[in-house]
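Engineer:
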Amino acid sequence: MNAELDLLVRLGDYDRPQGVAERAVQAEELGFDRITVGETTGWNIVPPLTLAADRTEELGISNDVISPYGRTPSMLAQTALTMQAAADGRFRFGIGPSSPAITERWHGQEFDRPLRRTREVIEIMRAVYEEGNPAYDGEIFDIPGLGYERGPSENPPPIDVGTLGPKATEMAGRFGDGWAPQLFTKDGLRDRLEDLERGAELGGKELSDLRVAPIVRGIASPDREAAREKARGTVAFLLGAYGPYYGNSVAEQGYPDVVEEIRAAWEERDTDAMAAALPEDVLDELAPAGTPDEVREWVTEYSEIEGVDAVRLGFVNGMTEDDKRTTMEAVVDAT
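Structure follows, in structure tokens:
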């Protein structure tokens, strides 16, 4: 396996932020290259990631992905630069267009022009990085500017963008330093990489200049059927209940009937029917789930897609600590 291996950690799995740091130490000891943490409506990601950075020495530190609606662009730049200092240069900042539910029902903002907003946030962050000032005259943001007291940064953190659709991914290639997609089949990912490459060219870059780290949710266990049952439930929930975008993306990858059936089951809040509507072959396309050997092989094959620099492994719902350890050891053995 030539690609790097990232571990995606869910904050909701831990009782205290220190638990994330303990997982980071474990990931570093096992041989993972990077740990990444998402933020939705739970904890603020900064304290857990700071603890993780402080307790590790070489492990990369990332966030997947933060909303452009929840903090001002200047505050996002401050956060990224602070984390870069805390991690001794090992931090990568992740941002994505977010969703209507998070934007409107949590942040209380209007979900308006998400791609344009994401682009402008990135440009303002880079202005703080490079000029030490967020001054900006855009379509959404009009900032007179004020000096960042620490001045321009000599080693600012790269900016990764989490997107799904073709235009959004083109934007990621044009304005970002990396791409963190989710729920793509191998063929679907190859198709979308063409959009990323086109965006990179518009930004005067090559695809190889970007760190491509697709997220996959998986589980390895000696009990193959139990592992697949847990993975099936998680993937079905993401497709049917977790906003429209994942489902739309998978439908466009060739499975509209599957997504439609899963969504119909969600209308009745029938999670068993949602899982039952996800066929074996589609589960195999989207998630590494089964015995350790099967998961190891799946991740290795995914990592060999041309243009992929890292595979970002997340856990599925309902995993025990033994399941997590088995899964981590299985994929590390592929490296």
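In my numbering, the protein residues as written are 172 to 506.
By construction, the Cβ of each residue, glycine as well, lies at the ideal position given by its N, Cα and C atoms.
1. Are the region 480-487 and the region 423-434 in contact at 8 angstroms, needing three or more beta carbon pairs?
2. To which residues does DSSP link residue 391 through a beta bridge?
3. Counting C-beta neighbours from all protein chains within 10 Å, is the total for residue 338 16 or more, i.e. buried, or is it exposed?
4. Could you say if the region 277-289 and the region 230-237 meet the contact criterion of at least three C-beta pairs nearer than 8 angstroms?
5. Taking 8 angstroms as the threshold, find out whether the region 467-481 comes into contact with the region 357-377 through three or more Cβ pairs.
6. Could you check where the alpha helix (DSSP H) with residue 486 kicks off and where it finishes?
7. If you follow the alpha helix (DSSP H) that residue 419 is part of, which residue opens it and which one closes it?
8. Going by C-alpha distance, which of 212, 248, 242, 255 is nearest residue 220?
9. Alpha carbons only, please: which of 416, 174, 404, 349 is nearest the one belonging to residue 272?
10. Counting only the same chain and skipping the five closest in sequence on each side, list residues whose C-beta sits under 8 angstroms from that of residue 177.
11. For residue 315, count neighbouring Cβ atoms within 10 angstroms of its own Cβ and tell me buried if that reaches 16, exposed if not.
12. Based on DSSP bridge pairs, tell me the residues matched to residue 313.
13. Let's test the definition: count the other Cβ atoms within 10 Å of the Cβ of residue 474 and tell me whether it reaches 16, buried, or not, exposed.
14. Terminal residues of the continuous beta strand (DSSP E) containing residue 179?
Structural biologist: On the basis of the data shown:
1. Segments in contact, no.
2. Looking at the DSSP assignment, residue 391 forms a beta bridge with 461.
3. Taking a 10 Å sphere around the C-beta of residue 338, we find fewer than 16 other C-beta atoms and assign the residue as exposed.
4. No, the region 277-289 does not touch the region 230-237.
5. Yes, they touch.
6. For residue 486, there is no enclosing alpha helix (DSSP H); the residue is part of the beta strand (DSSP E) that begins and ends at 481-486.
7. From DSSP, the alpha helix (DSSP H) with residue 419 extends over 415-423.
8. For the residues 212, 248, 242, 255, the minimum Cα distance to residue 220 belongs to 255.
9. For the options 416, 174, 404, 349, the alpha carbon positioned closest to that of residue 272 is the one of 416.
10. The answer, listed in chain order, is 203, 204, 205, 206, 207, 231, 233, 384, 481, 482, 483, 484.
11. That one is exposed.
12. Residue 313 is bridged to 308.
13. The residue is buried, with at least 16 neighbouring Cβ atoms inside 10 Å.
14. DSSP places residue 179 in the uninterrupted beta strand (DSSP E) bounded by 175-180.
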